[in-house]
Structure formats: structure tokens, C-alpha cells
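Heads up: the sequence shown begins at 147 in this note's numbering, then just goes up one per residue. Virtual Cβ for every residue (Gly too), placed ideally from N, Cα, C.
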Amino acid sequence: MGEREVLVVDGATLDCTDVALVADREVVVEVSPEAERRAGAAWRLVADLSATREIYGRTTGVGANRDLTIGPHEGPEHGRRLLRSHAGGTGELLPARTLRAMLLIRLNQLAAGGSGAHPRLLAALAAALTAGAVPQVHRTGSIGTGDLTVLAETALTLSGERPWVVGGLPPVPLDTSDALAFMSSNAATLAEAVLATLELDRLLRASHVVAALSYVVLGGSPEAYASPVHQARPHPGQVRCAAELRRLLGMSGIPQRGRRIQDPYGLRAFPQVQGPALDAVAYLRRVLTIEINAVTENPMVSLAAGDVFHHAHFHTAYVAVALDQARATIHHVAELSAARLGDLVEPSFTGLPAFLASGPPGSSGVMILEYVSHDALAALRQAALPVTLGTAVVSRGVEDHASFSTQAARQAAQVARAYRQVLACELVAAVRALRMRPADLMDLPVRDAFALADAVLDPDLSDRPLSADLSAAGALLDRLAEF
Numbered sequence: 147m148g149e150r151e152v153l154v155v156d157g158a159t160l161d162c163t164d165v166a167l168v169a170d171r172e173v174v175v176e177v178s179p180e181a182e183r184r185a186g187a188a189w190r191l192v193a194d195l196s197a198t199r200e201i202y203g204r205t206t207g208v209g210a211n212r213d214l215t216i217g218p219h220e221g222p223e224h225g226r227r228l229l230r231s232h233a234g235g236t237g238e239l240l241p242a243r244t245l246r247a248m249l250l251i252r253l254n255q256l257a258a259g260g261s262g263a264h265p266r267l268l269a270a271l272a273a274a275l276t277a278g279a280v281p282q283v284h285r286t287g288s289i290g291t292g293d294l295t296v297l298a299e300t301a302l303t304l305s306g307e308r309p310w311v312v313g314g315l316p317p318v319p320l321d322t323s324d325a326l327a328f329m330s331s332n333a334a335t336l337a338e339a340v341l342a343t344l345e346l347d348r349l350l351r352a353s354h355v356v357a358a359l360s361y362v363v364l365g366g367s368p369e370a371y372a373s374p375v376h377q378a379r380p381h382p383g384q385v386r387c388a389a390e391l392r393r394l395l396g397m398s399g400i401p402q403r404g405r406r407i408q409d410p411y412g413l414r415a416f417p418q419v420q421g422p423a424l425d426a427v428a429y430l431r432r433v434l435t436i437e438i439n440a441v442t443e444n445p446m447v448s449l450a451a452g453d454v455f456h457h458a459h460f461h462t463a464y465v466a467v468a469l470d471q472a473r474a475t476i477h478h479v480a481e482l483s484a485a486r487l488g489d490l491v492e493p494s495f496t497g498l499p500a501f502l503a504s505g506p507p508g509s510s511g512v513m514i515l516e517y518v519s520h521d522a523l524a525a526l527r528q529a530a531l532p533v534t535l536g537t538a539v540v541s542r543g544v545e546d547h548a549s550f551s552t553q554a555a556r557q558a559a560q561v562a563r564a565y566r567q568v569l570a571c572e573l574v575a576a577v578r579a580l581r582m583r584p585a586d587l588m589d590l591p592v593r594d595a596f597a598l599a600d601a602v603l604d605p606d607l608s609d610r611p612l613s614a615d616l617s618a619a620g621a622l623l624d625r626l627a628e629f
């Protein structure tokens, strides 16, 4: 067994790919000495300040109970009551992958030194990640203003009051200053958002390859991807998409004439529709990178100012809005994939039999793929609906707005699953068409992509169930994203 990778958490430089690394693999997680020092200094500062002034959640109640003073005799019992009362999550359990990502993000946020939580919590989270321990945590209970139920259940697991699903650690003592300090985060929402964002990014990169294969089958016109066209309206994502298609298809110089004077939108408008999705996902990733490295705890301990500040960093409007935008743009590109699939089964576009059938008259070929694609597209459409049009008023009217970024993150994961199915349908049809009418792909990246798909997908062209083909094509998209 080889040496495990080591990730040093410092509270400032965590990347989305680091989150996926820890979510997917066994990694040794360590806390940097500077982060340990910062956390210790913040813990001592907030302890000193608590003796001289009111600090929300430490010397007071929370929510509408913010004006109720907690006596010094309460000790750690106040913190335990906070955790127990907030550990009211319900529904299905969060999957281990999401929980590992959550634990890493929460650790990194604590390492930024703004929570005032005891440094032993950082050591415990790092130990849990290194040991592969996974807490038992319910999914439902957050509205984008702090993952209170998820993190309360996690804290009680660390303290020994709740069970671990996998592995475990010796109980970690928690005091009053640890309770709200640990809960005051959207780490679970961010974990789900990061993992979904990375998958959407992979699928968008793979979609360039799938669209290029369909372009070859359909005899697309290079004019739609020509550099002068996109220099005339240089949105970054649009320019990037057109450049990717030119690279995959070996387009250079003055574009040659296509088979048609103008292609259907699935080919002709691909850069204009794919571009916004590329830009939206890139922006979403920037937002998430800021969030996973941010000091978000309320109240926030500032070592530089030597003070504690009450604020609203727990509100994740940036995340919710960016997720809404990304999901909406993915819906548009998925519609184009379904449209290209419709073109691939149409003889007037391909010169091949209807539905790419091969067999006696009346054979259905890939007819069913359009139904599957539009079923997945319908599910994607529902998951793409914006969450930011709603809000909530809770805690006796004191907390009178919510971002619902948690729901936006869940729906982003649903969008990714559905989009993968839509692309898989197009890929199966495009590969089948290229088998029926081989094209001279020369020494181009798209040729290597076809060779890979050709080696993986079943070559049988007779009428038969296509479920296994779709499963294989969906899995293949991650490899196509690297072309």
C-alpha cells in the first residue's frame, strides 16, 4: 500500500479540487501550526471578552432569545443545550462523500481563526478525516442561513452523544464557547455545492466532445465557430466554447463551406448557449472558493481588532444566486443536446436511416433515446427552477430572510445527474451514426474521443435494450472531459 496524500489545512488556501480529493479518497489531513496558533488566540480572546461584555450565543440565548442573559454558573451546559435543541434534522442521511467534504470545509473555516472555538475541535476534525470516520447526520433542516441541524448533529457526534456511521473518535469535550461557534457555518451546503459544481464543470467540458462528434455526423458548418464571428461578440465562455470546437475538429484559417448554408440551432448556436453556462459555473466556483476559506461565524472573533463583531456572514445569498444562475444555464445547454439528438435520428440531416436503425424495415434503432433524453430534461427543468424567489421568516420574526442556498445546492446535484443522462443519449446516438457511416477524422482530438467511445460502447446495431449503453456512456463522460 502506497503512502497516502497529505493535505495541510491553513484556513486560507483550500480549493474546490481539494474538497473533492478528500471527499473521494483517503487523505491524511493536518492543520498548519499557524492555524492552530490563530485558533488558540481567538479562543482565549473570546473567553476574556465574554467576562466583560455580552456575546451572542455565549453569554446570551440565540435567535429571538438573544436578549436573554446566560449566567456564568451555566458553564458548558448552555452549549450542550444549544446543540441538543438544534440537532433536529430529519429525512435521509447525508452520504459519506458529502460529509467528508463538509468536515474538511468546516475544519478550514475554523482554521481561519474567527470562531473562537477551542483548538481541540480542529484537531478532532482532522483526526476524523484522516481516520475516515463519518458521522450520522440528517439532510433536512437548513434554509441557507447556517446548517444548524447538520452541524449540531456533527458536534454531538464528536462529543460522544451520537453514533458514527463509519469509524469513530474518542469523545471531544465541548464547552459553551464551542456550541454556536461550531454550528455557525454553511459547511454542508457548501460541500454539496462544491461537489455538484465540479461535476457540472466536467460535464460541460465533456459536452464539447459530444457536440463535436454530432457535428461530424451532421456535417456541420465551420462558419458558426470561426474566430471573426466570436471576436465580434467576445463573451469569455462563448469564445472558449468556439475555440474548443475548433481545436477538437481541427478548424483553422478561413472556414470551409458546410453541407447547409445554416445549421440547426443545436450546432449553430452551441457557443452562444454553452458560453453562459461556462461563465456561470466559473463564477460559481469563484464564489465557493471564497466561501470555503471565509470567516463566517457569528459572532466573529477578530484578532487584528482584538474584538468580537456581530454580523450576517451566515447568509449565503451569493451562493444561492450563483447556483440559480448555473442551473438555469445548464438547462439551456441540455436542451441543445436533446435538439442535436433529434437531428441525429433525422435522415434529412444525416443521410442515414431514420432513428439510425439497422435491420428489417420498421426497426426502431435508437428511437427510444429521445424519450429518455426528454424525460431527463424534464427532471432537469424542474431542478433548474430558482430558489431565490422564496424566503422565510423564522425565530419570532427576528430572522426575516433566507437564501435557500441549501436547496439550490441539492438541486444542482439533481441537475448534474439529469444532464449526464441527456448527454449520454446524444453520445450513444453519435457513436452509432459514426459506426454506420465512418468519417475521416484524421489526426484530431475528436478521433481519439471516438476511438475511446467506440471501444467502450456495444457495437451491436440491432434492435436491443440500450440501458447498458446509456450507463456506459454516462460513465465515459468523465474521461471525455479530459480531451
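CB of residue i within 8 Å of CB of residue j, strictly
{"i": "Val577", "j": "Asp609", "result": "no"}
{"i": "Leu297", "j": "Phe328", "result": "yes"}
{"i": "Pro410", "j": "Tyr371", "result": "no"}
{"i": "Leu424", "j": "Leu490", "result": "no"}
{"i": "Leu526", "j": "Ala480", "result": "yes"}
{"i": "Val447", "j": "Thr343", "result": "no"}
{"i": "Leu580", "j": "Val362", "result": "yes"}
{"i": "Leu607", "j": "Ser483", "result": "no"}
{"i": "Leu626", "j": "Ala597", "result": "no"}
{"i": "Asp470", "j": "Val568", "result": "no"}
{"i": "Leu195", "j": "Val454", "result": "yes"}
{"i": "Ala181", "j": "Gly259", "result": "yes"}
{"i": "Ala555", "j": "Glu345", "result": "no"}
{"i": "Ser373", "j": "Val192", "result": "no"}
{"i": "Met582", "j": "Leu502", "result": "yes"}
{"i": "Leu341", "j": "Ala166", "result": "yes"}
{"i": "Arg406", "j": "Asp624", "result": "no"}
{"i": "Arg199", "j": "Leu449", "result": "no"}
Cβ shell of residue i (< 6 Å), same chain only, five flanking positions each side left out
{"i": "Met147", "result": "Confidence at Met147 is low in this model, with a pLDDT of 48, below 50, so the placement of that residue should be treated as unreliable; the coordinate-derived value is given next. Result list for Met147: empty, nothing under 6 Å."}
{"i": "His354", "result": "Glu390"}
{"i": "Leu120", "result": "Here the chain has residues from 147 to 629 only, and residue 120 is not among them."}
{"i": "Gly186", "result": "Pro265"}
Of the listed residues the options, nearest to residue i (C-alpha basis)
{"i": "Tyr169", "options": "Thr244, Glu437, Phe455", "result": "The question names Tyr, yet the displayed sequence has Ala at residue 169. Of the candidates Thr244, Glu437, Phe455, the one whose C-alpha sits nearest the C-alpha of Ala169 is Thr244."}
{"i": "Glu437", "options": "Ser551, Pro265, Gly543, Gly314", "result": "Ser551"}
{"i": "Arg285", "options": "Asn254, Ala242, Thr462, Ala277", "result": "Ala242"}
{"i": "Asp156", "options": "His224, Ala272, His264, Ala525", "result": "Ala272"}
{"i": "Gly412", "options": "Gly366, Ala342, Ala423", "result": "Gly366"}
{"i": "Thr206", "options": "Leu229, Ala269, Thr215", "result": "Thr215"}
{"i": "Ala451", "options": "Asp164, Ala188, Leu153, Thr159", "result": "Ala188"}
{"i": "His381", "options": "Leu535, Ser288, Val419", "result": "Val419"}
{"i": "Val512", "options": "Gly497, Glu492, Ala185", "result": "Glu492"}
{"i": "Leu590", "options": "Leu395, Gly399, Cys571, Glu200", "result": "Leu395"}
{"i": "Ala538", "options": "Ser288, Glu182, Ser196", "result": "Ser288"}
{"i": "Ser360", "options": "Asp161, Leu326, Cys571, His461", "result": "Cys571"}
{"i": "Val375", "options": "Gly399, Ala358, Leu364, Ala352", "result": "Gly399"}
{"i": "Ala463", "options": "Phe495, Arg486, Leu336, Phe501", "result": "Leu336"}
{"i": "Leu326", "options": "Asp161, Ile201, Arg393", "result": "Ile201"}
{"i": "Leu364", "options": "Thr198, Ala485, Ile476", "result": "Ala485"}
{"i": "Thr295", "options": "Arg230, Ala352, Ser617, Asp321", "result": "Arg230"}
Burial state of residue i (16 or more Cβ within 10 Å)
{"i": "Gly262", "result": "buried"}
{"i": "Asn439", "result": "buried"}
{"i": "Arg204", "result": "buried"}
{"i": "Ala548", "result": "buried"}
{"i": "Pro445", "result": "buried"}
{"i": "Arg150", "result": "exposed"}
{"i": "Gly383", "result": "buried"}
{"i": "Glu223", "result": "exposed"}
{"i": "Gln96", "result": "Outside the shown range of the chain (147 to 629) lies residue 96, about which nothing can therefore be said."}
Close-in-space but distant-in-sequence residues of the same chain around residue i (CB under 7 Å, 5 per side omitted)
{"i": "Ala468", "result": "Tyr429, Leu430, Val433"}
{"i": "Arg473", "result": "Ala529, Ala530, Gln557, Ala558, Val561"}
{"i": "Gly278", "result": "Glu172, Val312, Gly313"}
{"i": "Asp164", "result": "Leu153"}
{"i": "Asp615", "result": "Val574, Leu603, Asp604"}
{"i": "Gly536", "result": "Phe550"}
{"i": "Ala358", "result": "Leu391, Leu394, Leu395, Val592"}
{"i": "Thr276", "result": "Val174, Val175"}
Own chain residues within Cβ distance below 8 Å of residue i, not counting five before or after
{"i": "Glu299", "result": "Ala233, Gly235, Pro281, Gln282, Val283, His284, Arg308"}
{"i": "Arg252", "result": "Leu271, Leu297, Thr300, Phe328, Ser331, Ala333"}
{"i": "Gln402", "result": "Pro368"}
{"i": "Leu587", "result": "Val362, Arg593, Phe596"}
{"i": "Leu239", "result": "Gln282, Val283, His284, Arg285, Val311"}
{"i": "Ser519", "result": "Ser483, Ala484, Leu487, Gln567, Val568, Cys571, Glu572"}
Integer-rounded CB distance, given that residue j should sit under 8 Å from residue i
{"i": "Leu267", "j": "Val318", "result": "7 Å"}
{"i": "Val175", "j": "Leu250", "result": "7 Å"}
{"i": "Phe460", "j": "Gly292", "result": "4 Å"}
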